[in-house]
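Let me begin by presenting the structure, written as structure tokens, before commenting on it.
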Amino acid sequence: MNKLLFKDIDEPGLNTIDVYRRRGGYEQLRRALSMPREAVLNELLASGLRGRGGAGFAMGKKISFLPKGALDIYLCCNADESEPGTFKDRELMQKNPHMLIEGIIIAAYAAGANKSFIYIRGEYVLQADILDAAVLEAERAGFLGENILGSDHRLSLVVHRGAGAYICGEETALLDSLEGKRGNPRLKPPFPANQGLYQGPTLINNVETLATVPAIMGMGGDAYAKLGTETSTGTKLVSVSGHVKRPGNYEIELGVSSREIIYGLAGGPPEGRSVKLWFPGGSSSPVLTGDDLDLAYDFDTMAKAGSMLGSGAIIVVDDQTSVVDVAYKTAYFYRHESCGKCTPCREGTNWTVKMLERMKAGEATPMDLDIIASVCDNIIGHCLCVLGDAMAMPVGSMVAKFRDEFEEYIEARRQESYLGTADPEPELALIQGAVA
Amino acid sequence: MITFSIDGREVQSPENLMLVDAAKYGDVEIPVFCYEPKLGNPVGACRMCLVEIEGIPKLQTGCSTPVKDGMVVHTQNTRVHEAQEAVVEFLLINHPLDCPVCDKGGECPLQDISFGWGGGRSRFIEPKRHFQKPLELSPLIAIDRERCILCYRCVRYSQEVAEDYQLVLQERGAASYVATFDGHPYVAPFSGNIIELCPVGALTSRPYRFRARPWDIEGSGSVCTMCPGQCNVTFTVRDDRVLRVLQRDNAEVDDGWLCDRGRFAYQAIHVDERVTSPMVRGQDGQLVPVSWDRALSEAAAGLTAAGSAVGALAGSGTTNEEGFLVQRIVREALGSRDLDSQRAPVSRDALLAISDPALQATVPDLEFAHAVLVLDTEPVDDMAILDLRIRKGVRRNHVKLAIASARPSSLDANAAASVRFAPGAGPAFAAELVSAAKGEPSSDDARSIVALLREAGEDVVILASERVGVALAALADALGLRDRAGAGLLVVPSSANGRGLREVGFLPDAGPGLSPVAEPGRHAGQIAEAAATGDITALWLLGIDPLRDLPYRLRWEQALSRAATVIAHTNFLTEGIRDHATVVFPAEAYAEKDGTLTHPDGRLQRVRPAIGHSGAGRYGWQVLTDLGTRVGLHVPRVLTSGIALAQLAQAVPFYAGITQDEIGGRGIRWQERPAASAFPAPAPASVNVSPAPRVGPSAPASGLRLGTFRSIWASPEVEHSPALAFLRPRQKIEMAPSDADRLGLGDGQRVLVSNNGTQVSATVALRQAIPAGSVFLQDGLAEDSANVLTGSIVEVRRA
Amino acid sequence: MAEVRRFEHGSRVPGWDASVDLRKDPAGVPDPATTPVPAELRAEIEAQMAKYPDFRSAALPALAAVQRHHGWCSPEGIEQAACVMRLTPGYLTAVATFYDMFDTVPTGRNRVYVCTNISCSLRGADELCHRIEQLTADDADIQVKHFECLGACDIAPMVSVNGIYVGPVELDEVDELIDDVRNDRDPLPRKQLRLRPSADTLPMGDGQ
Ligand SMILES: Cc1cc2nc3c(=O)[nH]c(=O)nc-3n(C[C@H](O)[C@H](O)[C@H](O)COP(=O)(O)O)c2cc1C
Ligand code: SF4
Ligand code: FES
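Respectively, the protein sequence lines represent chains A, B and C.
According to the working numbering, the stretch in the first sequence is residues 10 to 445, in order.
According to the working numbering, the stretch in the second sequence is residues 29 to 827, in order.
According to the working numbering, the stretch in the third sequence is residues 15 to 222, in order.
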């Protein structure tokens, strides 16, 4: 298959500028700079490249929303990669940082941006160090700074390290965090394209999205659009994890069957087990079941199946695992990561976790399932950003699709709790007020 | 106006109003928690205001969606109801529902909204979030974190209105809580506003807690008389006692905020130390309570005996009516010319020039001007509420702020330019600004400020201390501010009703309406000298204790001891009065007063009694008419404060015809009334300013330059309010680290500051921003006040 | 605090003042004259501030610098950063407590983050975390935190040791891992993510 992002990914030294250039790196930048901005943008539009960060919005279109004029335009590369199950950007940045940097410079050229930032999650220490070194190399080589390669394009690039907060992957929270604040999402509108970083127009794209740009420039937008399906063009990195034999990142052409990814590439669940459920696009996506394995893996098919492609992270759960545990882990994660700004998300995730804890302690009744379902409904569509929905959708889908199992579990745990064998009661979250 | 549809009805409203506000035009209420336009742009956090807009798939927040022509909005269908019910349910999950023991009960938006929009049932059986409760957030504010619904109002206030950034949200998600850094108290000049902002009982006033229920109390509108800001307030009254002060939003005056002195110093109304009965000094030298008759006759005897050797001073909360009556008694009945209401003399000519209606700016102008120059005044101390207004202008409207002062300003961080001059050099620097504005040779500092103001635009507001004087008018003219709406001067007087007192003629060189007098009398400093030498034998003090409030404390001690008669109208026996007064009349607390004040921008405002007089107290105008009659003033009897106002309105041509009704609840600027044309024209020559060489803030040859300032907290009301007592300032000497190094001093050390044989002790407070060579001490303190010192250069040594 | 007088007309709430500690001053922007800042820390923060169009963007890097310098985001350290940045310590505390990687209570010098999110827990992370916690319970030098997805589900169950990712960590490797941490050795070198080839380039069927 055509590898664009992972071509020779393990080649030794690929993270250095010398090796990258020896393989033709930064040539696409040179070519792009020799073209008018509009022509570069047209290639991106023609490629049909959709954002790889979760929402799947067409990248070229996003650029075309930016206002033209003398304003400072910013570009932010979203390298927060915190969606559970997602680890593709990590491998890209670690092994081929210059491809990302080249993509950023080209995209900034097309967008008219002259200040750019990579917001990388703080936990990725190795990758951030590698990026820092690569940025320095690119600056020295004249790919960043004033008059890049003799053109009038100028660009600064700062690698900004986060400090552990999933919500900072949400684009407006990322901006607040980058401005040195708590990472709370902002009200939209205004959208970042109009008022983003420091109130200026801002383009925000995922690492993978930006890293794909040089490849598109290389083969041409039209050729790129021929890969994949009509509405999900190109190749995509898929992170497969959970109950599979070969967890890892795989570059696939969009539209291949999901079974091919889970079984063919990742080896499927261990011998003798089968797929009970899977998250097709990170933990925020409503779960699919073993019956859905033959669905084509692309944006539209996933959406039609009631889920989403999201960040392209497949988490496989086998038949030996209790769906209640998965629901609990999922809800627990979102409660931990809710920024607390808006009510439904802050309180709804908290409530859901507490109900699931009660379930595990053998103190729930099937009526609690109705309450969970209703709480999830009350969250969806009512929040400031979609983090709340990101819990409510998968947890809601688990309750809907595995109601019988939930009920059995509740009953079994109740029995155990009568017999005194259930988990000890969950610890009450007693938060002592700080000395005011 | 546009037309939109809400719940099936066509409603007209201005375009781009947020839906929650536009809905009110159709009498539709959309519930809100986090929305509060005073805090800036909507944040859309609480999600209480979700409504359905046709054509938009998701429900939208009414607080952040501007209304457009033809919009079709639904607030009453099942979908919206369910969403709103869900939000109420979510909010109540962690709320303790301890309404029976909550101070907010009965006036709580959360109660109202739960009732109006909630589901009325609870499905939440999990343990709730627990915090220790209640805790002090400061000595003034209690925080009950269990009740907090995390609406962000208080922290937004701290960050975006007060800009003190002390109150913040800590942690994340459901574990978030409102707190301060490392357990420091939230103490700031404007902290109390968060109590009123909090839509639940999470932030409550410690002095008010558990003192009343909403059905026990009445609200009574008046004006705070503690500083020239004259913020509009509502007194919460129960059983004829003031139990609380709330803001009474007047965008022209206070923008709906109060400072903590204005909010909490009401406590001083009901303390034991209040003077509530007339007193005279007995044989044993002690002040003893006596009947009104006795006190009035002693006072009358003293005044009559002194005759024209009477000196009268007025300060703080003296109303226009009181000032007017006293100046009549002094001038007409006693034949004295010696009366003053200013801390430092400003001549009639200068006052005419700077009060010229063509040069006046208003408070809201600070917010919308192109540029604001703060000159020789520190708003937070001198006219507190303006501090917030200036910050707002800079923050929201990008007003360019320039500051020229001796002492570093708390607004420096917001300023586009800040320059320092030597203490006392305000007028000289103003003269430099005039030269700079006229293109004459001037200093770099002055030129840069003028350039900044000019570049910003035509609308410039100059906020300056009264003591800068006549140069202000020259500067306003040189900058072309005459007759320009939205620009001009805002002059901060030295006492709360300073402008009113001078306009009713409480000046040595001007009568009512700033009319000329045949022969000028003595100003305050000269009165002190005359009394010290025996030329003046009776001193009459209205709301002022010269030992506290005026310079040259030692001279005043001599004056007060020597005077045969010292009559004081006061609330508290501060040291000068305690030790020297021969007759003491209980002054009214501001909640007892009836009269008018004039705001520095010319707005006449009514002070209205909320409670009856404490003890034997009487109306000020009543006491003064009685006294006047006894010393032979021939006036028609004053029977009500309205009559007092009518008399003064006759005497002050530019107040002509004003009545209490016309002033009403919001006040009225006299400049906006037809009578304003009667304002006397200033003498043209007076506006000429000859620049004096300015002393830069550089170090003097020996010693250190002394600057003084009076903190917002330096007032007897603060001392006597139990809740505020902790803020009562102690003397400290602010100095630059380099000076301290040179003198071998460190932060927190006790030192003696001395000159001309006088000295005060103080604690060293190192501040990086203090210009080397200058030090600053506080005035207005009970002990170690800077007015003990007499010169401008001091020595500092270890105590 | 000055003695608070009773109102003549009402009592104060009993016990109300029990938890008052008003000895502290309000926390405004620290004055450079009274806030000593280590030169190294100052230089680092100032360099970060220079990188951004708005100096406030350096809040996260500044807190990270404080944490490196003091071992945690101590009040003292936060005050120092606030002093350099001309912000209030409250502002920086609000930021610091929002992010999982900043420690606002004193903590061990070694930070061991165990991922217990979905993919890792499907592969035994909860037991692993439990085991590590047990083993280090009384080691004040080691901070063990269970973390949400660290972005390395391909090596689940995984652990980040002072930023170095290792995994999959078998239960019987925990002793060795903790031993490495205690002795400042490279943790489980053979299991470090940095050395792992891409799954995509491996011949089929070569997984674990
Ligand atoms: C709660 C939440 C977390 C997100 N986390 C990430 C992330 O870690 N990385 C990412 O690239 N996008 C993330 N996104 C999506 C971004 O908001 C945004 O859509 C994306 O960065 C845009 O880039 P793209 O168009 O290239 O996909 C997240 C969104 C939400 C709502
Ligand atoms: S304390 Fe009150 S104002 Fe502050 S966030 Fe909580 S509910 Fe809102
Ligand atoms: S009032 Fe609209 S979201 Fe809070």
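The C-beta atom is built at its ideal place from N, Cα and C for all residues, glycine as well.
query: Interface positions of the region 161-173 of chain C facing chain A (Cβ-Cβ less than 7 Å), listed along the chain; result: E162, C163, L164, G165, A166, C167, D168, A170
query: Beta-carbon spacing of M76(B), V108(B) below 8 Å; result: no
query: Buried versus exposed call for I153(B) [16 or more other C-beta atoms within 10 Å across all chains shown]; result: exposed
query: Amino acids of chain C, ordered along the chain, whose beta-carbon sits closer than 7 Å to that of R344(A); result: What R344(A) touches in chain C: nothing, since even the nearest Cβ is about 10 Å away.
query: Heavy atoms of ligand 3 versus C-beta positions, residues under 6 Å; result: V60(B), F61(B), C62(B), Y63(B), G72(B), A73(B), C74(B), R75(B), M76(B), C77(B), T89(B), C91(B)
query: Whole-angstrom C-beta distance between A296(B) and H748(B), which should lie under 8 Å; result: 4 Å
query: Opening and closing residue of the alpha helix (DSSP H) in which E190(C) lies; result: 188-196
query: Endpoints, alpha helix (DSSP H) assigned at V108(B); result: 106-121
query: Cβ-based burial, R204(C) [other Cβ within 10 Å; buried from 16]; result: exposed
query: Residue from P521(B), G330(B), I222(B) whose Cα sits closest to the Cα of L491(B); result: P521(B)
query: Segment contact flag, the region 252-259 of chain B with the region 624-638 of chain B, C-beta cutoff 8 Å, min 3 pairs; result: yes
query: Euclidean distance between Cα positions of L119(B) and K338(A); result: 24 Å
query: Three CB pairs or more closer than 8 Å across the region 397-415 of chain A and the region 344-355 of chain A; result: yes
query: Neighbour flag for D300(A) against chain C, beta carbons, 8 Å; result: no
query: Local conformation of H102(B) per DSSP, three classes; result: strand
query: DSSP state of D828(B) mapped onto helix, strand, coil; result: Residue 828(B) lies beyond the residue range present for chain B, which begins at 29 and ends at 827; the question has no answer from this structure.
query: Three CB pairs or more closer than 8 Å across the region 67-78 of chain A and the region 161-176 of chain A; result: no
query: Beta-carbon proximity check, Q62(C) vs P44(C), cutoff 8 Å; result: no
query: Length of the line joining the Cα atoms of V34(C) and L195(B); result: Low confidence applies to V34(C): its pLDDT is 37, below 50, so where it sits in the model is not reliable enough to give any reading.
query: Helix, strand or coil at A361(B) [DSSP, three-state]; result: helix
query: Neighbour flag for A50(B) against chain F, beta carbons, 8 Å; result: Note that chain F does not occur in the displayed structure, where the protein chains are A, B and C.
query: G62(A) beta carbon near ligand 1 (any heavy atom closer than 7 Å); result: yes
query: Contact set between I59(C) and chain A, taken where Cβ atoms lie within less than 7 Å; result: Those within 7 Å of I59(C) in chain A number zero; the least Cβ separation is about 12 Å.
query: C-beta neighbour in chain A for P70(B), strict 8 Å; result: yes
query: Cα-Cα separation between I81(B) and V95(B), rounded to whole angstroms; result: 10 Å
query: Proximal residues to T208(B) (C-beta, below 8 Å), its chain only, five neighbours per side dropped; result: L165, Q194, L195, V196, Y214
query: Residue from D487(B), P469(B), A465(B) with nearest C-alpha to A479(B); result: A465(B)
query: Inter-stretch contact (C-beta, 8 Å, three-pair minimum) for the region 128-140 of chain C and the region 163-178 of chain C; result: yes
query: For G219(C), the three-state DSSP class (helix, strand or coil); result: Caution is warranted here: a pLDDT of 45 is assigned to G219(C), below 50, making its placement in the model unreliable, and no coordinate value can be reported.
query: Distance CB(C182(B))-CB(C136(B)) smaller than 8 Å; result: no
query: beta-carbon L393(A) near ligand 1 non-hydrogen atom, thresh 7 Å; result: no
query: Residue burial classification, V532(B) (beta-carbon count within 10 angstroms, cutoff 16); result: buried
query: Sequence-distant residues of the same chain with beta carbon closer than 8 Å to C163(C), five excluded per side; result: C129, N131, I132, S133, C134
query: DSSP state of L78(B) mapped onto helix, strand, coil; result: strand
query: R475(B) CB to nearest heavy atom of ligand 2 below 7 Å; result: no
query: Near ligand 1: N203(A) beta-carbon under 7 Å from a heavy atom; result: no
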